[in-house]
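Taking the numbering used here, I'd label the letters of the sequence shown as residues 3 to 501.
The next block holds one structure in the form of structure tokens; read it before the comments.
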Amino acid sequence: MLKQRSSGILMHVTSVPSEFGIGDFGPTTYKFIDFLKQAGQNCWQILPLNHTTDKTGHSPYNCFSAFAGNPLLISPVLLHRAGLLTRGEMAGPPSFPADKVDFAKVERYKHGLLDLAYRRFKERPLPADYERFCTEHRVWLDSFAAFVAIKRHYRGRSWSDWPAALRDRKAKALGAVEVELADAIERERFLQYVFYAQYLDLQRYCHEQGVQVIGDLPIYVAYDSADVWSNPEVFKLTKDKNPKFIAGVPPDYFSKTGQLWGNPVYDWDHAERTGFAWWMQRIKHNLLLFDLVRIDHFRGLVAYWEVPAGHKTAIRGKWVKAPSESFFGTLFRQVPFAAIFAEDLGHITADVREAVTKYQFPCMRVLQFAFSGDPKRNIHMPHNHIANAIVYTGTHDNNTTRGWFENEMKGPARKRLSDYLGHKPAARDISWELVRVAMSSVARLAIVPMQDVLSLGASARMNYPAKATGNWFWRMRDGRLDARLAGKLRDLTATCGRL
């Protein structure tokens, strides 16, 4: 899978500069891809593209759907080029913050534009590719569109609080809703059609520029999602369709009480009986969108932390085994060369390591984890890296490298870093010091967060795993990417044999 040395940048679409308050699939992202090519980078890693919600702080890991895309990523400029918006309708957008996403403000503005585009779309004959899209994606699209329309009709209430006939998807109730909310349902189909059309055009451009797109598949879905509403049998739910158990992780580096994520856990017995049909559909969907897919919390496919519903922390959970051999056997029969890799961070046990090794999944190494503990046994230490791995200075869950160095690195770990580098690094230089270490690693793929390329501090951090709010906001200021920076990154990439 990872056949040659290469490198890339981690930056979510939302973080790309744009006049519309959030990065999208429009011209500024095409310019970012041009920068990657100029800088000698052949991979762009992004976070999940799924439909986010303000109820979960717009976390891309806690979404309305495992299949539907986020309409906030639709480009108004491209809608204009398609004749669905006028210049006047796009003129004079609100004043948005330059270095963070104001999601509430963006939602109000963009959904106004999307409403205009939808009304104009309805005035035209339906294009053949729209009907083809709706047919090809019917297995998830129809239930998702109905879910969003019904949720809006009931002012955002969770599907578990809808009238029982709708909650339980009774045919008569669904039929009535499809008539009553027909226009709202069609709007959601339209938004998904536009989302995927714009994304696939961008993906093609990436490939033309020699850039592969690395996606991210969150292992869990939100309880209040189209997936759970339309496929309750896939999850461990009570007769009233409430979660029996909640997903999370035990205490670790990020939290002393563990993390309680709030997602329902899977009914793996049901999954195995049905040939993992829902999972196979989901993975195949992602492999059409991305050249390489990271399985977030990979260990949950081997054994997962299950906490009884109602608990306030994750401390009293327990490990439960998943049918990993049956699952991966099914996957590789259906997709023999599935381009996926394992997020194997946190509490990783021998059975997870065995699965990663047995199926030859590339694994992850993170330099911010390298300088604590026993240097002979710490797998993140550069001299312990392996070739079939992706090395990061840090991930979206880490501080920026400069923020980590200035605020988190203490005592022995700081000394070990200095000893490893051969000198005491300055805060202004530490990001590129670790970029060089990552690029020099034996790991075949090196990925660097954009914040580290820009030497940004803790204020540019993307996510605090133990915090429910204040995440996912960071946005790169316009004008930060230039030929000098591209040349600096390209030279280092070439020096380390990754061009």
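Glycine is no exception: its CB is placed at the ideal position from the N, C-alpha and C atoms.
Own chain, CB closer than 7 angstroms to residue i, minus 5 neighbours either side, in chain order
i, result
"E274", "P325, S328"
"A429", "R404, F407, E408"
"A372", "N380, H382, M383, P384"
"L75", "V15, D26, F27, L51, F197"
"H299", "I221, E345"
"A119", "L81, L86, L87"
"K107", "G23, P96, F98"
Beta-carbon proximity of residue i to residue j, cut-off 9 angstroms
i, j, result
"R500", "L458", "no"
"R477", "P29", "no"
"G250", "A151", "no"
"Q261", "D254", "yes"
"F69", "D229", "yes"
"I297", "E345", "yes"
"L87", "L115", "yes"
"R367", "A340", "no"
"F247", "P310", "yes"
"D293", "Q214", "yes"
"D131", "A199", "yes"
"F343", "P364", "yes"
"W161", "F149", "yes"
Residue burial classification, residue i (beta-carbon count within 10 angstroms, cutoff 16)
i, result
"Q6", "exposed"
"R159", "exposed"
"E410", "exposed"
"G217", "buried"
"R502", "Only positions 3 to 501 of the chain appear in the structure, and residue 502 is not among them; the question remains open."
"N244", "exposed"
"V455", "buried"
"H507", "With the chain represented from 3 up to 501, any question about residue 507 goes unanswered, as that position is not in the structure."
"V181", "exposed"
"A502", "Given a span of 3 to 501 for the chain in the structure shown, any question on residue 502 remains unanswerable."
"S227", "buried"
Which residues DSSP lists as bridging residue i, in chain order
i, result
"Y201", "Y201 pairs with nothing; no bridge assigned."
"Q47", "L12, I216"
"F343", "R296"
"Q261", "V251"
"V368", "Y394"
"L239", "P245"
"N465", "Paired residue(s): none; N465 is not in a bridge."
Same chain only: Cβ atoms within 6 angstroms of residue i, ignoring 5 sequence neighbours per side
i, result
"D431", "none"
"D480", "P19"
"S257", "A468"
"D353", "V304"
Cβ neighbours of residue i in the same chain (closer than 8 angstroms, five flanking residues each side left out)
i, result
"T350", "According to the sequence provided, residue 350 is Ile. The question's Thr does not apply to it. Closer than 8 angstroms at the Cβ level, and outside the excluded window around I350, lie R301."
"P165", "A175"
Check whether the region 45-58 and the region 166-179 are in contact - that is, three or more C-beta pairs closer than 8 angstroms. no
Check whether the region 442-459 and the region 390-401 touch, using three or more Cβ-Cβ pairs below 8 angstroms as the test. yes
Measuring CB atoms only, is the region 184-194 touching the region 276-290, in the sense that at least three cross pairs come out at less than 8 angstroms? no
For the pair the region 54-64 and the region 436-444, tell me if three or more CB-CB distances fall below 8 angstroms. no
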